[in-house]
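Below you'll find the structure, written out as structure tokens, and then a few comments.
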Amino acid sequence: MRIPLSWLREFTQLPAGATAEDLMADLVSVGLEEEDVHRPLDELSGPIVVGKVLDKTPEEHSNGKTVNWCHVQVVPDGASQTLEGEGIAVDGVQGVICGAHNFEPGDKVVVTLPGAVLPGDFRISARKTYGHISAGMIASEKELGLGEGHEGIIVLGDWGLDPEPGTDVIELLGLDDEAAEINVTADRSYVLSLRGVAREYGHATGTTSIDPAESVHPPVPNDSGYPVVLDDQAPIHGNPGATRFVTRTVTGVDTTGATPVWMAQRLRLAGIRSLSLPVDISNYVMLEMGQPLHFYDRDRLNGALRVRRAASGETLETLDGKTRTLDPEDLLIADDSGPIGLAGVMGGLATEVTEQTTDIVIESAHFDQVSVARTKRRHKLPSEASRRNERGVDWEICDEAAERAVQLLVELAGGVADEGVTDIGERPEPTVVEMAADFPTQRIGYEFTTEQIDEVLEQIGCQVTQQTDEQSGTTYRVTVPSWRFDLTIAEDLTEEIARLVGYDKIPSRLPVAPAGRGFTPRQRLRRNVSETLAASGLVEVLSYPFVAESDNRFFGSADEQVGAQQQMVHLANPLSAELGWLRTSMLPGLVTTLHRNISRGFKDVALFETGLVFHPEASSDAVSEIPGVGVHPAPEVLERIVNSVPHQPHYVAAVFAGHAATPGPGFEPTPYDWEDAIGTALNIADAVGVALEVRQGAHQAFHPGRCAELVTASGSVLGYAGELLPKYVQQQHLPERVAAVELDLDRLLDEVPEVVEARAVSPYPAVTQDVALVVDEAMPAAQVKRVLEEAAGELLEEIALFDVYRGAGVEHGKKSLAFNLRFRDHHKTLTNDEASEVRLAAVARAEQELGAHLR
């Protein structure tokens with residue numbers, strides 16, 4: 001919302017010297033957000049004066065262009081040199097070259113003299129062009145920053161002005177005004193008007209403000225106004241499409257007249273283009289009072305105005321020239337010919353006010369917010385009117401706004417107000433909120449006095465009564481004003497009290513944390529996992545939980561047939577039709593984030609995420625109603641809510657692409673592969689104190705030969721690690737090899753023992769020996785390692801695979817697995833012979849169970 005300061009001063013006690021920055025500082029103190037300052041003089045400076053064209057000589061040049069050599073009087077009649085500057089004639093007559101042709105001798109125009117600066121840092125100076133010294137420029141709207149018109153120069157007579165030559169144009173056209181722009185949140189629609197801003201400025205400064213609606217006195221409704229029928233047969237959520245509809249008629253209007261300069265400049269500063277006098281009056285009243293209006297050409301109407309829903313297949317050509325197919329939910333303004341407008345959004349072209357219009361019917365109505373919002377989004381028709389109607393406008397001032405438009409049409413367009421006044425519909429009942437006297441203090445933690453509460457509630461327009469009884473104490477009964485749709489519960493009133501008393505008066509006090517309220521054991525373990533992955537060089541990300549159905553199927557169950565039947569939660573109103581499901585895996589979001597980073601030029605990426613996934617039960621069809629506010633739900637309601645929520649386990653996942661380190665001189669880093677994914681899984685398990693077994697696995701999302709399933713000691717599969725399917729990676733435009741791992745973190749934490757016993761530290765030295773076993777190519781190394789561990793017994797302190805060999809000396813179809821074994825006795829020094837004996841026993845077990853033999 002842009003607020004021209006000269007306009008606001010009509011309704012407030014804004015000091016004459018106050019700037020836009022001063023105004024925004026005051027409005028910020030009552031919770032509004034500052035956005036920008038719009039000040040024409042930041043890009044414009046004089047001398048810029050009114051000039052009278054004395055003569056105009058067309059000259060055709062060799063480039064095919066015809067220009068006019070003009071002499072322009074730039075000082076008042078009878079004056080000699082009253083301006084000073086380079087290139088200004090002593091007699092006050094300037095010679096100027098002008099390429100426009102829409103003016104004649106005797107016209108008053110805008111002349112930018114040498115030394116002036118126009119928007120875009122365009123500096124005016126006397127220069128030779130087309131064989132003449134042109135000492136200035138005759139300006140167009142675009143050159144002054146007033147609009148986009150540049151096909152011709154400004155002729156002030158066309159704007160209804162006849163100033164004396166030499167008059168300062170900056171003051172004449174109001175270019176010395178400025179506007180403050182504020183951001184208005186959706187719940188405070190009343191601030192989308194000078195009426196609302198003036199009220200908020202009064203709250204901020206303690207000064208009085210004038211309500212423009214109170215200075216307008218509409219006539220009493222009668223039966224001779226333009227007829228209107230409210231015929232909404234399909235209200236949304238039970239709310240009628242229009243609760244109030246006012247029409248007024250003005251006859252004998254001259255729609256070709258020029259918009260007054262003061263009005264046009266205020267509209268420009270407010271961010272609205274000046275189009276024509278009737279349109280400008282409509283917009284002016286909307287900005288002043290906050291009530292959108294629509295004007296109809298009465299001669300182009302056929303019968304009564306009817307507010308109804310669209311019929312299937314109906315179309316409407318709107319004011320932007322587009323023909324739109326209507327939806328049965330669209331709220332329309334229609335007459336006997338059919339639809340003539342989308343209610344509260346945009347009018348139809350068939351009844352548009354044109355230069356031939358003489359009689360105007362004014363519509364000032366209060367429409368259902370939901371209807372307007374849905375129609376605007378459905379037809380992609382944002383407008384200043386729909387912006388206000390969808391947020392809510394004051395139903396009490398429909399007649400005042402219409403009367404204000406009548407006054408301006410009579411005053412500026414020469415119209416005559418018709419005596420007929422239509423005002424139909426049932427005004428909504430005012431909202432009444434009950435609030436305990438101590439409620440604001442309890443909620444905010446600041447001791448508000450009764451006087452402060454009464455004063456604030458009265459300031460914002462509420463009617464307040466108090467009642468006291470022995471059980472509940474003192475209670476406020478607050479009737480909310482018609483323009484405050486956001487005040488519906490006691491918490492809303494409390495926020496207003498805190499806002500206007502002053503947020504700065506509320507002390508900052510940190511609450512004292514009660515004992516025993518730290519992280520739970522599971523929370524600590526999840527935090528350990530995140531810290532371990534971050535310390536390993538991975539970057540934590542937060543991706544959207546909304547994914548495509550195909551991604552859920554692909555990354556879901558390892559059994560493709562089961563995955564195809566996998567249950568998932570579909571969103572009723574998704575942000576995107578494609579991404580309409582809640583994730584069952586973390587990997588789709590991580591892959592999307594990986595792709596975004598790689599497309600931005602990051603070649604080596606390792607990402608991880610912990611979060612919730614959503615696994616509804618296949619047999620569960622439980623649903624729950626949404627409980628009301630103000631009363632604690634009954635136990636059976638809470639039980640239904642819990643039963644209707646899908647299972648949401650915590651998962652942890654990571655993806656890798658590129659290299660683990662940046663290449664450098666003498667250093668050739670290895671690319672990320674399945675080993676990094678498996679190593680990350682083992683690090684996660686180690687961080688929470690659980691042993692994981694790595695087995696050869698299969699999953700449709702992973703490379704067939706580079707996929708491991710991660711299994712606990714109890715035999716439960718917690719997830720998969722490896723490299724993603726090459727075909728999928730190629731489709732996603734990712735590097736050739738992408739490694740990934742995903743674990744069910746909740747089930748992993750279920751494996752954490754309640755008590756972890758620390759292993760005693762032996763004071764005796766260790767004995768290290770190696771063993772290389774030849775096994776079948778298909779034999780997993782983890783299986784060989786497990787057999788050696790079991791056979792070695794308590795003396796084996798650690799075992800690690802350090803080499804896999806295929807080649808000379810190892811027969812075809814076999815491989816050699818080399819393990820390092822570290823032995824230690826906790827009670828005495830272990831000898832090499834004793835260690836060798838244990839080693840040979842382990843080898844013998846491997847030979848017996850696995851068919852292995854020493855290399």
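Going by UniProt numbering, the first residue of the sequence shown is number 1, and it counts up by one from there.
Glycine included, each C-beta is placed from N, C-alpha and C at the ideal position.
The model shown is predicted, which means the values in this text are computed figures rather than measured ones.
Please return the same chain residues whose Cβ sits closer than 7 Å to the Cβ of residue i, not counting the five positions on each side in sequence.
| i | result |
| --- | --- |
| Phe702 | Tyr720, Gly722, Glu723, Leu724, Leu725 |
| Gly202 | Thr12, Thr208, Ser209 |
| Pro765 | Thr829 |
| Trp159 | Ala258, Val261 |
| Val694 | Ile678, Ala708, Leu710, Ala782 |
With distance defined between alpha-carbon atoms, name the residue in the options nearest to residue i.
| i | options | result |
| --- | --- | --- |
| Val261 | Ser274, Ala687, Pro339 | Ser274 |
| Gly658 | Pro665, Pro671, Gly666 | Pro671 |
| Val155 | Gly271, Val529, Ala139, Gln732 | Ala139 |
| Glu749 | Thr129, Arg522, Trp395, Gln463 | Here residue 749 turns out to be Leu, not Glu, going by the sequence shown. Cα-wise, what sits closest to Leu749 is Arg522. |
| Leu44 | Gly17, Pro735, Arg123 | Arg123 |
| Met289 | Gly338, Glu403, Val361 | Glu403 |
| Thr592 | Asn573, Gly813, Asn63, Phe546 | Phe546 |
| Val216 | Cys398, Thr680, Met435 | Cys398 |
| residue 861 | Lys603, Glu214, Ile360, Asp686 | The requested residue 861 does not occur in the structure, where the chain is confined to residues 1 to 855. |
| Val741 | Gly628, Phe555, Gly415 | Phe555 |
| Glu811 | Asp833, Glu777, Thr112 | Glu777 |
| Arg600 | Leu734, Val690, Asn68 | Leu734 |
| Ala311 | Pro240, Ala835, Thr474, Asp232 | Asp232 |
Below 8 Å CB to CB, which residues in the same chain sit around residue i once its five sequence neighbours on both sides are set aside?
| i | result |
| --- | --- |
| Glu84 | Because the pLDDT at Glu84 is just 45, under 50, the model does not fix this residue reliably, and the point stays unresolved. |
| Arg845 | Val787, Leu788, Glu790, Ala791 |
| Tyr284 | Met263, Arg266, Leu267, Leu408 |
| Leu854 | Val771, Ala772, Leu773, Val774, Val843 |
| Trp674 | His703, Arg706, Cys707, Ala708, Ala721, Gly722, Glu723, Ala739 |
Since residue i is in the alpha helix (DSSP H), which residue starts that stretch and which ends it?
| i | result |
| --- | --- |
| residue 856 | Only positions 1 to 855 of the chain appear in the structure, and residue 856 is not among them; the question remains open. |
| Arg427 | Neither: Arg427 is in no alpha helix (DSSP H) and is coded neither H nor E. |
| Ser644 | 635-644 |
| Ile444 | 439-444 |
| Gly589 | 587-599 |
| Gln731 | 726-731 |
| Thr494 | 490-501 |
| Ser322 | Note that residue 322 is Lys in the sequence shown here, rather than Ser. Per DSSP, Lys322 belongs to no alpha helix (DSSP H) and is neither H nor E. |
| Phe554 | 549-554 |
| Glu789 | 781-792 |
In the DSSP assignment, what residue or residues form a beta bridge with residue i?
| i | result |
| --- | --- |
| Gln696 | Ala708 |
| His294 | Glu363 |
| Phe702 | Leu724 |
| Val767 | Phe823 |
| Ala126 | Ala135 |
| Ala417 | Val250 |
Which whole-angstrom value describes the C-beta separation of residue i and residue j, a residue pair presumed to lie in contact below a C-beta threshold of 8 Å?
| i | j | result |
| --- | --- | --- |
| Val93 | Val53 | Actually they are not in contact, since the Cβ atoms of Val93 and Val53 sit about 11 Å apart, beyond 8 Å. |
| Trp395 | Arg427 | 6 Å |
| Leu277 | Ser193 | Not confirmed; about 21 Å, so no contact. |
| Thr243 | Gly425 | 5 Å |
| Leu510 | Val688 | Contact doesn't hold; Cβ gap of about 32 Å is too wide. |
Could you pull the start and end residues of the beta strand (DSSP E) that residue i belongs to?
| i | result |
| --- | --- |
| Phe823 | 814-823 |
| residue 859 | For the chain, the structure presents residues 1 to 855; residue 859 sits outside this window and is missing. |
| Met435 | 432-436 |
| Arg477 | 473-479 |
| Gln463 | 463-469 |
| Lys603 | Careful: Lys603 lies outside any beta strand (DSSP E) and carries neither H nor E. |
| Phe802 | 796-805 |
| Pro574 | Here Pro574 belongs to no beta strand (DSSP E), and DSSP marks it neither H nor E. |
| Gln233 | Run containing Gln233: none; DSSP gives neither H nor E here. |
| Lys108 | 108-112 |
| Ile281 | Here Ile281 belongs to no beta strand (DSSP E); instead the alpha helix (DSSP H) covers 277-289. |
Within the same chain, show all residues whose beta-carbon is closer than 6 Å to that of residue i, passing over the 5 residues directly before and after it, in chain order.
| i | result |
| --- | --- |
| Ser224 | Gly420 |
| Pro763 | none |
| Pro440 | Phe448, Thr494, Ile497 |
| Gly851 | none |
| Glu329 | none |
| Asp803 | Ala818 |
Beta-carbon of residue i versus every beta-carbon of chain C: anything under 8 Å?
| i | result |
| --- | --- |
| Asp55 | Among the chains of the structure shown, chain C does not appear; only one protein chain is present. |
Closer than 7 Å: is that where the CB of residue i sits relative to any heavy atom of the ligand NAD?
| i | result |
| --- | --- |
| Leu571 | This structure simply doesn't include the ligand NAD, nor any ligand for that matter. |
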